[in-house]
Amino acid sequence: MVHAVNSPLIANARMYSATATVKADWKALLACVLARANLPWDLI
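Each residue of the sequence shown is one higher than the one before, starting from 45 at the first, in our numbering.
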């Protein structure tokens, strides 16, 4: 079953942002995973 989505999809990594370095690393990892999965989600 496929559901139509009318609102933008967003990936949020904020809860994993304990330090600036961890924040940058987690955001880079999540961006890579989303790109590899071909998911055009916004990343915040």
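Glycine included, C-beta positions come from ideal geometry on N, C-alpha and C.
Quick caveat, the model's predicted, so the values are computed rather than measured.
Between L78 and A55 a beta carbon distance of about 6 Å is seen, short of the 8 Å cut, so the two are scored as contacting.
The alpha-carbon separation between A57 and N50 amounts to approximately 22 Å.
Collapsing the DSSP output to three states places A64 in a helix.
The three-state secondary structure of A55, taken from DSSP, is strand. Within the same chain, P52, L53, I54, A55 and L78 come within 8 Å of W85 by CB-CB distance, once the 5 residues on both sides are set aside.
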